[in-house]
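To start, the structure itself, in structure tokens.
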DNA sequence: GATATTAAAGACTCTTAATATCTGTAATGT
DNA sequence: ACATTACAGATATTAAGAGTCTTTAATATC
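Chains as they are written, first to last, in this note's numbering: chain A, 1 to 133; chain B, 134 to 266.
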């Protein structure tokens, strides 16, 4: 029980794209090499991010992926939702409403998601930038 | 990405056992029927709880499972650990230490687990008891 | 001590989801 | 027109979860 590798790749890619000077495009080739992945597989992940509006894609020569210009503040939770969908960690096996056990689990999950929604990728990118110097 | 059904069954069984008057034993047969499961399958789940020391088992006639007498305060997290093992929701794909992304994910997970560690099954059992009346 | 009852252990099957690859198509710049 | 690159769909591979069956070991009752 863990977040998928796809989510992992997506997060790393997002930060990498944010570090591009001027928000310029990067091809899937380069992005895949960086993470030692096959371009075709990473492509599938990036398409999900594109559909979610977190990044923008331009096909053709000199094309690639870049951070969305319209959506500047993307959180960890945004990326997770884009890749994993709107999942929940726990569903009561017996489906009676108001299960006490389910309530507790849901509450804890909501709190975690709230925390991940407040963590912005831009902050991580900045931190990574200053760390490198 | 969600907690396994086994964890679900385990939590429900724990609460049920806590509601037994005098902490008496219940056979897997009865426990399985209650949750519409096969006894053999639930048996595997309960064995894990037994090995973790959360419940006690006695084979033979009039045997069954009952809440551990030595360990009175078991939390949601205890049960999760007993069934799922000590898993983490996120591991950085690139294994460089101090990955900023991993740090954020780990922190959120730890907070959630901290919350689940403070939620006691005995409280849920009490609540369920008073709710039934 | 024999017998019925019940948990434990192991091997095994089945299903599902994640992971990944390959091929062809559509879009874009030069 | 051509090279480049993202997108879509089909398909394979792998891993984990879910569940069953059979055998063995332990306990109580008679």
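Glycine is no exception: its CB is placed at the ideal position from the N, C-alpha and C atoms.
Since we're looking at a predicted model, the values are computed, not measured.
Handout entry: Limits of the beta strand (DSSP E) - the one that residue 191/B falls within
Key = Here residue 191/B corresponds to residue number 58 of the second chain, with the count starting at 1. From DSSP, the beta strand (DSSP E) with residue 191/B extends over 188-191.
Exercise for the section: Check whether the Cβ of residue 350/B lies closer than 8 Å to any Cβ atom in chain A. Expected result: It is not possible to answer for residue 350/B, since the shown part of chain B is limited to 134 through 266.
Practice task
Could you tell me if residue 235/B is buried or exposed, where buried requires 16 or more neighbouring beta carbons within 10 angstroms of its beta carbon?
Solution key: Locating residue 235/B in the second chain gives position 102, where the first residue counts as 1. Around the CB of residue 235/B, 16 or more other CB atoms lie within 10 Å, so the residue is classed as buried.
Exercise for the section: Using a Cβ-Cβ cut-off of 8 Å, state whether residue 149/B counts as contacting chain A. Expected result: Taking the first residue of the second chain as 1, we reach residue 149/B at position 16. By this cut-off, residue 149/B is not an interface position.
Exercise for the section: Answer with yes or no whether the minimum CB distance from residue 9/A to chain B is below 8 Å. Expected result: For this step, residue 9/A is matched to residue 9 along the first chain. With respect to chain B, the C-beta atom of residue 9/A has a partner C-beta closer than 8 Å.
Exercise for the section: State yes or no: is the C-beta of residue 20/A within less than 8 Å of the C-beta of residue 28/A? Expected result: Residue mapping note: residue 20/A aligns to position 20 of the first chain, counting from 1. Residue mapping note: residue 28/A aligns to position 28 of the first chain, counting from 1. Not in contact: residue 20/A and residue 28/A (Cβ atoms no closer than 8 Å).
Problem - Cross-chain neighbours of residue 29/A in chain B, by beta carbon under 9 Å - result: The residue given as residue 29/A occupies position 29 in the first chain. Result: empty, since nearest Cβ-Cβ is about 18 Å, beyond 9 Å.
Problem - Spatial distance of residue 232/B from residue 259/B (CA atoms) - result: Here residue 232/B refers to the residue found at position 99 when the second chain is read from its first residue. Here residue 259/B refers to the residue found at position 126 when the second chain is read from its first residue. Taking the straight line joining both Cα atoms gives about 43 Å.
Practice task
For residue 152/B, decide whether its Cβ has a neighbour in chain A, counting only Cβ atoms nearer than 8 Å.
Solution key: As a position in the second chain, residue 152/B is number 19, starting the count at 1. The beta carbon of residue 152/B does not come within 8 Å of any beta carbon belonging to chain A, so the residue lies off that interface.
Exercise for the section: Work out the CA separation of residue 141/B and residue 175/B for me, nearest whole Å. Expected result: Position 42 of the second chain, counting from 1, holds the residue named residue 175/B. Position 8 of the second chain, counting from 1, holds the residue named residue 141/B. Rounded to the nearest whole angstrom, the CA to CA distance from residue 175/B to residue 141/B is 11 Å.
Handout entry: Rounded distance between the beta-carbons of residue 255/B and residue 151/B, thought under 8 Å
Key = The residue given as residue 151/B occupies position 18 in the second chain. The residue given as residue 255/B occupies position 122 in the second chain. About 6 Å separates the CB atoms of residue 151/B and residue 255/B; that is less than 8 Å, so the two are in contact.
Problem - Residues near residue 73/A in its chain [Cβ-Cβ closer than 8 Å; skip 5 each side] - result: Taking the first chain and counting its residues from 1, the one referred to as residue 73/A is at position 73. Taken in chain order, the residues that qualify are 120, 122.
Practice task
Out of 214/B, 238/B, 149/B, state which residue places its alpha-carbon closest to the alpha-carbon of residue 225/B.
Solution key: Looking up residue 225/B in the second chain gives position 92. Selection 214/B, 238/B, 149/B evaluated against residue 225/B yields 238/B as nearest (Cα-Cα).
Handout entry: Rounded straight-line distance, which links the Cα of residue 189/B to that of residue 177/B
Key = Numbered from 1 along the second chain, position 44 holds the residue referred to as residue 177/B. Numbered from 1 along the second chain, position 56 holds the residue referred to as residue 189/B. Cα to Cα, residue 177/B sits roughly 14 Å from residue 189/B.
Practice task
Whole angstroms is fine: what's the gap from residue 157/B's alpha carbon to residue 217/B's?
Solution key: Residue mapping note: residue 157/B aligns to position 24 of the second chain, counting from 1. Residue mapping note: residue 217/B aligns to position 84 of the second chain, counting from 1. Per the coordinates, the alpha-carbon of residue 157/B lies some 27 Å from the alpha-carbon of residue 217/B.
Handout entry: Same chain, Cβ closer than 7 Å to residue 113/A, five either side skipped, listed in chain order
Key = On the first chain, position 113 is the one that residue 113/A refers to. Answer for residue 113/A: 77, listed in chain order.
Handout entry: Coil, strand or helix - residue 89/A by DSSP
Key = The residue given as residue 89/A occupies position 89 in the first chain. Under the three-state reduction of DSSP output, residue 89/A falls in the coil class, being neither helix nor strand.
Practice task
Tell me whether residue 64/A sits in a helix, a strand or coil according to DSSP, three-state version.
Solution key: In the first chain, residue 64/A corresponds to position 64, counting from 1. Here residue 64/A sits in strand by DSSP.
Problem - Length of the line joining the Cα atoms of residue 222/B and residue 198/B - result: Counted from its first residue, the second chain places residue 222/B at position 89. Counted from its first residue, the second chain places residue 198/B at position 65. So the two alpha carbons sit approximately 31 Å from each other.
Problem - Same chain only: Cβ atoms within 7 Å of residue 220/B, ignoring 5 sequence neighbours per side - result: As a working note, residue 220/B is residue 87 in the second chain. Excluding residues within five positions, none has a Cβ falling inside 7 Å.
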